[in-house]
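Quick notes on the structure that follows.
Residue numbers (the numbering used here): 4 to 94.
Here it is in structure tokens:
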């Protein structure tokens, strides 16, 4: 992620040249000091062989979603603060 993107991040799709600006609830979430503190993560399934495939119709169809959506990484109790992990949008 480029350091000049204070409220957004570069696309995780190498070579796309796209930047995404956070305008929703994720902008208001606190970023934790440690990954163990976080209770949300990026929405991207782990590839069985690790990393990302160079070509996959399923991954290609959803790459934009992988750049913008967050999901709960564990059960979040009522009233619990939602916390992002550090370096959320970096590989």
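Even for Gly, the Cβ is constructed at its ideal location relative to N, Cα and C. This structure is a prediction, so every number in the text was calculated from the model and none was measured.
Query - Short Cβ contact (7 Å threshold) for residue 70 with residue 23 - result: Against a cut-off of 7 Å, the Cβ pair of residue 23 and residue 70 comes out as a contact.
Report task. Name the residue from 80, 10, 93 whose alpha carbon lies nearest to the alpha carbon of residue 26. Result -> For residue 26, the nearest C-alpha among the options comes from 10.
Query raised in the report: When the Cα of residue 155 is compared with those of 82, 61, 72, which residue comes out closest?
Result: Given a span of 4 to 94 for the chain in the structure shown, any question on residue 155 remains unanswerable.
Report task. Reducing DSSP to helix, strand and coil, say where residue 73 ends up. Result -> Strand at residue 73.
Query raised in the report: So which of 42, 74, 16, 19 has the shortest CA-CA distance to residue 88?
Result: Ranking the options by Cα distance to residue 88, first place goes to 42.
Query - CB contact flag (residue 18, residue 86, <7 Å) - result: No, Cβ-Cβ distance for residue 18 and residue 86 is not below 7 Å.
Query raised in the report: What is the DSSP secondary structure of residue 6, counted as helix, strand or coil?
Result: Low per-residue confidence applies at residue 6: pLDDT is 46, beneath 50, and the placement is therefore not dependable enough to give any value.
Requested in this report: Work out the CA separation of residue 84 and residue 75 for me, nearest whole Å.
Outcome: Looking at the two C-alpha atoms, the distance is approximately 12 Å.
**Report entry** Continuous beta strand (DSSP E) stretch holding residue 11: start and end
**Finding:** It spans 11–13 - the beta strand (DSSP E) in which residue 11 sits, taken as one unbroken run.
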